[in-house]
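>
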Amino acid sequence: MLKNWLSLTRDFVRGNGGMAGWAYRVVTIWSFGREIASFRAGQVHHMEQRKESAELYSLRRHIHMIEKGLVMRPRRPVFAEAYIEETVAAFDHLALSEFDNSSEEFNWFVSVLASYFSAVSSDSSLPISRARKTFEARFDESALDRFVDSRSSPFSVGSISVSTIDPIDFQRLLFARSSVRWFLDKTVPREALDRASFAASESPSACNRQPYRIVLLDDRELVSVVSKIPGGTAGYSENIPCLAVFIGDLSAFSEERDRHLIYIDASLAAMSFILALEVEGLATCCINWPDVAFRDSQLREALNIKAYESAIMLVAIGYADPLGEVPSSRKRPLGLIRQYNDIRSSN
Numbered sequence: 050m051l052k053n054w055l056s057l058t059r060d061f062v063r064g065n066g067g068m069a070g071w072a073y074r075v076v077t078i079w080s081f082g083r084e085i086a087s088f089r090a091g092q093v094h095h096m097e098q099r100k101e102s103a104e105l106y107s108l109r110r111h112i113h114m115i116e117k118g119l120v121m122r123p124r125r126p127v128f129a130e131a132y133i134e135e136t137v138a139a140f141d142h143l144a145l146s147e148f149d150n151s152s153e154e155f156n157w158f159v160s161v162l163a164s165y166f167s168a169v170s171s172d173s174s175l176p177i178s179r180a181r182k183t184f185e186a187r188f189d190e191s192a193l194d195r196f197v198d199s200r201s202s203p204f205s206v207g208s209i210s211v212s213t214i215d216p217i218d219f220q221r222l223l224f225a226r227s228s229v230r231w232f233l234d235k236t237v238p239r240e241a242l243d244r245a246s247f248a249a250s251e252s253p254s255a256c257n258r259q260p261y262r263i264v265l266l267d268d269r270e271l272v273s274v275v276s277k278i279p280g281g282t283a284g285y286s287e288n289i290p291c292l293a294v295f296i297g298d299l300s301a302f303s304e305e306r307d308r309h310l311i312y313i314d315a316s317l318a319a320m321s322f323i324l325a326l327e328v329e330g331l332a333t334c335c336i337n338w339p340d341v342a343f344r345d346s347q348l349r350e351a352l353n354i355k356a357y358e359s360a361i362m363l364v365a366i367g368y369a370d371p372l373g374e375v376p377s378s379r380k381r382p383l384g385l386i387r388q389y390n391d392i393r394s395s396n
């Protein structure tokens with residue numbers, strides 16, 4: 050009775066535009082405190098790393114910006130002048146560190162920078178001239194040959210293999226996916242999880258930063274602990290054989306305007322991850338992760354989540370129990386979610 054009364058009172062105040070509504074907004078602004086604190090911690094870490102030319106996210110962003118400049122039509126004769134020195138300094142620091150110089154990521158950095166310095170003139174630009182000297186001191190022509198390949202720098206759309214997936218088959222894949230909560234007592238193969246994680250990594254990401262990581266849990270004791278933390282797993286948490294936790298990294302950003310990108314990028318990756326698992330014959334269930342302080346603290350402690358990171362969502366994974374049932378979950382009609390050139394208010 051009291052709970053219902055409090056709920057009704059809260060809903061009334063939320064919908065009130067007068068003094069009651071104003072007072073409610075003043076009180077609830079503090080609920081954003083942890084998000085602000087996480088972003089601020091990320092901002093500080095980002096700038097500390099950047100001062101030491103060790104900030105990988107900025108390097109990825111700048112390399113991607115250079116790529117966009119290289120594919121621009123028409124291409125400007127001089128571009129990236131404002132950040133090329135910082136980019137090469139960060140890359141030079143990386144080349145001297147313990148970073149894997151044989152990785153595809155490193156090849157990408159080298160190839161794009163080599164393409165850039167081949168495309169722009171440094172005669173009228175001191176920053177580009179200085180950056181070129183630093184880069185060429187690290188990589189002469191013979192060294193570049195070991196790293197540069199045709200897919201590590203901009204390439205033509207015509208060279209991309211055309212997808213052979215039929216639209217009807219893709220629709221079948223989408224319809225086959227359901228939110229499954231009842232799984233067989235069967236181990237989820239890590240090879241399948243790795244393939245799905247790779248698929249996730251191929252998802253679009255703002256400036257190609259990829260500010261997230263996927264924590265995969267297949268230890269039954271750990272899964273049992275973590276699966277009980279979200280509020281929506283009561284009744285089936287003990288049945289989950291494997292969990293994925295998507296965690297956003299706010300140290301990827303220096304600007305407040307970018308604070309929501311972890312949610313966008315991680316969610317794009319999660320959808321690719323889920324569809325890839327469906328192809329592997331593995332069922333999934335996205336687990337809601339609302340912003341609840343005590344649950345957030347529990348998950349941070351359980352998974353050693355850093356101050357500048359935030360959990361985005363959890364995904365239960367396993368082989369579906371064929372005797373288990375799933376909600377119908379009918380989707381909204383296409384006409385309600387799709388608009389062509391209709392900019393009138395939907396209200």
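Residue 328 in the numbering used here sits at position 279 of the sequence shown, and the numbers go up by one each step.
C-beta atoms are modelled at their ideal positions from N, C-alpha and C, and glycine is treated no differently.
#1: Using DSSP with H/G/I as helix, E/B as strand and the rest coil, what is Val62?
#2: So, is Arg230 buried or exposed, given that buried needs 16 or more other C-beta atoms within 10 angstroms?
#3: From Arg344 to Ile112, what distance separates their C-alpha atoms?
#4: Are there three or more Cβ pairs, one per stretch, closer than 8 Å when the segment 253-261 is compared with the segment 223-239?
#5: For Ala422 and Leu317, I'd like the C-alpha separation in whole angstroms.
#6: Thinking just about the alpha-carbon of each residue, which of Ile278, Pro176, Ser151 and Ala301 is nearest to the one in Val364?
#7: Are the Cβ atoms of Gly373 and Cys291 separated by less than 7 Å?
#8: Can you tell me whether Glu104 is buried or exposed, with buried defined as 16 or more other CB within 10 angstroms of its CB?
#9: Decide if Ala129 is buried, meaning its Cβ has at least 16 other Cβ atoms within 10 Å, or exposed.
#10: Using only CA atoms, which one of Thr333, Pro382, Leu145 and Asp172 lies nearest to Ser228?
#11: Assign Phe166 to one of three DSSP states: helix, strand, or coil.
#12: To the nearest whole angstrom, what separates the beta carbons of Arg83 and Ala342, a pair I think is in contact under 8 Å?
#13: If Leu193 sits next to Val159, beta carbons under 8 Å apart, how far is it from one beta carbon to the other, in whole angstroms?
#14: Taking only the alpha-carbon atoms, compute the straight-line gap between Glu147 and Glu135 and give it to the nearest angstrom.
#15: Is it buried or exposed for Ile311, if we count other Cβ within 10 angstroms and need 16 for buried?
#16: What does the alpha-carbon distance come out to for the pair Ala168 and Val328?
#17: I need the DSSP call for Arg344, collapsed to helix, strand or coil.
#18: Just to check my reading of the structure: Gly281 and Asn337 have Cβ atoms closer than 8 Å, yes? What is that Cβ distance to the nearest angstrom?
#19: In this structure, does DSSP put Ile214 in helix, strand or coil?
#20: Taking a contact to mean a Cβ-Cβ separation below 7 Å, would you say Val274 touches Val294 in this structure?
#21: Name, in chain order, the residues that DSSP records as bridge partners for Phe232.
#22: Among Ser303, Ile85, Ser286 and Arg269, which residue has its Cα nearest to the Cα of Arg110?
#23: Measuring straight from C-alpha to C-alpha, what distance separates Lys117 and Leu352?
#24: Measuring CB to CB, does Arg187 end up less than 7 Å from Ala144?
#25: Put Ala293 into one of helix, strand or coil per three-state DSSP.
#26: Taking the straight line between their C-alpha atoms, what separation do you get for Ala356 and Ile289?
#27: Can you give the Cα-Cα distance for Ser335 and Glu305, rounded to whole angstroms?
Straight from the coordinates:
#1: If you number the sequence shown from 1, residue 62 lands on position 13. Confidence is the limiting factor: at Val62 the pLDDT is only 49, short of 50, which leaves the residue's position unreliable and the question unanswerable from this model.
#2: Along the sequence shown, one-based indexing puts residue 230 at 181. Looking at its Cβ environment, which holds 16 or more other Cβ atoms inside 10 Å, Arg230 is buried.
#3: The sequence position of residue 344 within the sequence shown is 295, counting from 1. The sequence position of residue 112 within the sequence shown is 63, counting from 1. Using only the alpha carbons, I get a separation of about 38 Å.
#4: Put simply, the segment 253-261 does not touch the segment 223-239. Fewer than three CB pairs are less than 8 Å apart.
#5: Any property of residue 422 remains undetermined from this structure, which presents the chain solely from 50 to 396.
#6: Numbered from its first residue, the sequence shown carries residue 364 at position 315. Closest option to Val364, Cα to Cα, is Ile278.
#7: Sequence index remark: in the sequence shown, residue 373 carries index 324 (1-based). Sequence index remark: in the sequence shown, residue 291 carries index 242 (1-based). Not closer than 7 Å, so no.
#8: For the purposes of this step, residue 104 is identified with residue 55 of the sequence shown, where counting begins at 1. When all chains shown are included, Glu104 counts as buried.
#9: Walking along the sequence shown from the start, residue 129 turns up at place 80. Buried.
#10: Position 179 of the sequence shown, counting from 1, holds the residue named residue 228. Per the Cα distances, Thr333.
#11: To locate residue 166, count along the sequence shown from 1; it is residue 117. Note: Phe166 maps to helix in three-state DSSP.
#12: As a working mapping, residue 83 is identified with position 34 in the sequence shown. As a working mapping, residue 342 is identified with position 293 in the sequence shown. So it is a contact: roughly 7 Å between Cβ atoms.
#13: As a first step, residue 193 is located in the sequence shown; it is residue number 144 there, counting from the start. As a first step, residue 159 is located in the sequence shown; it is residue number 110 there, counting from the start. The pair is a contact, with the Cβ atoms about 7 Å apart (cut-off 8 Å).
#14: Position 98 of the sequence shown, counting from 1, holds the residue named residue 147. Position 86 of the sequence shown, counting from 1, holds the residue named residue 135. So the alpha carbons of these two residues sit roughly 20 Å apart.
#15: Position 262 of the sequence shown, counted from the start, is the residue given in the question as residue 311. Buried is the call here.
#16: Start at 1 with the first residue of the sequence shown, and residue 168 comes out as number 119. Start at 1 with the first residue of the sequence shown, and residue 328 comes out as number 279. Using only the alpha carbons, I get a separation of about 42 Å.
#17: Working through the sequence shown from its first residue, we reach residue 344 at position 295. Helix, per DSSP.
#18: Working through the sequence shown from its first residue, we reach residue 281 at position 232. Working through the sequence shown from its first residue, we reach residue 337 at position 288. About 5 Å; that satisfies the 8 Å criterion.
#19: Indexing the sequence shown from 1 puts residue 214 at position 165. If DSSP states are grouped into helix, strand and coil, Ile214 belongs with coil.
#20: On the sequence shown, residue 274 is found 225 positions in, with the first residue counted as 1. On the sequence shown, residue 294 is found 245 positions in, with the first residue counted as 1. No. Outside cutoff.
#21: Taking the sequence shown and counting its residues from 1, one reaches residue 232 at position 183. BP columns for Phe232 point to Ala369.
#22: For the purposes of this step, residue 110 is identified with residue 61 of the sequence shown, where counting begins at 1. Proximity to Arg110 across Ser303, Ile85, Ser286 and Arg269 peaks at Ser303, based on C-alpha coordinates.
#23: Reading the sequence shown from its first residue, position 68 is the one you call residue 117. Reading the sequence shown from its first residue, position 303 is the one you call residue 352. One C-alpha to the other measures close to 37 Å.
#24: Numbered from 1 along the sequence shown, position 138 holds the residue referred to as residue 187. Numbered from 1 along the sequence shown, position 95 holds the residue referred to as residue 144. Yes; because the gap between Cβ atoms is below 7 Å, this pair is in contact.
#25: Counting from one through the sequence shown, the residue named residue 293 turns up at place 244. The DSSP-derived three-state label of Ala293 is strand.
#26: In the sequence shown, the residue the question calls residue 356 occupies position 307. In the sequence shown, the residue the question calls residue 289 occupies position 240. Approximately 28 Å, taken between the alpha carbons.
#27: Translated into the one-based positions of the sequence shown, residue 335 becomes position 286. Translated into the one-based positions of the sequence shown, residue 305 becomes position 256. For clarity, residue 335 is Cys in the given sequence; the question names Ser instead. So the alpha carbons of these two residues sit roughly 28 Å apart.
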